[in-house]
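*Asks:* In the numbering used here, the protein residues as written are 113 to 224.
I'd like to ask some things about the structure below.
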Amino acid sequence: MTKKEFCLIYRNRQDKEYYIDNLFKTYGQQVFRLLPYQCELNTIEYVSNLMKQKMAEKNIDQLEKNIEALTREAIKSINAADWKKEVDHVSRLANEYWKKGLEELEEREQII
């Protein structure tokens, strides 16, 4: 299959419709779906990991009663700069994957 054929098939595919997507549309919101099984392209995964690290640094006693307070504190400590850093990291990864994918497609076209 050539890249041109693949693009034609991809453009003419039928997207699945989900109830929740339509519900959000009625409120003027758009759902952004992430790729399954690719957590490295999910900024929320990185921020969640950052939060867990901050909790672990302060969870010395490992008392269950302190977990909620530590969680709230860790969430409050994450700021816009932290989010920007993680978004930039994911953008770099996505660009790398995109370039690698294009290179692989070009290699396959040459073989075919």
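Note that CB positions come from ideal geometry on N, CA and C, so glycine has one too.
1) Report, in whole angstroms, the separation of the C-beta atoms of N171 and N161, which I expect to be a contact under 8 Å.
2) Y122 by DSSP, collapsed to three states: which one?
3) Going by beta-carbon coordinates alone, are M163 and A186 separated by less than 7 Å?
4) Under the three-state reduction of DSSP, which class applies to V143: helix, strand or coil?
5) List the endpoints of the continuous alpha helix (DSSP H) containing E176.
*Replies:* In terms of the structure at hand:
1) On the sequence shown, residue 171 is found 59 positions in, with the first residue counted as 1. On the sequence shown, residue 161 is found 49 positions in, with the first residue counted as 1. The pair is not a contact, with the Cβ atoms about 15 Å apart (cut-off 8 Å).
2) As a position in the sequence shown, residue 122 is number 10, starting the count at 1. Correct three-state label for Y122: helix.
3) Here residue 163 refers to the residue found at position 51 of the sequence shown. Here residue 186 refers to the residue found at position 74 of the sequence shown. Yes, the Cβ-Cβ distance between M163 and A186 is below 7 Å.
4) Position 31 of the sequence shown holds residue 143. If DSSP states are grouped into helix, strand and coil, V143 belongs with coil.
5) The residue you call residue 176 lines up with position 64 of the sequence shown. Unbroken alpha helix (DSSP H) run through E176: E176 to S189.
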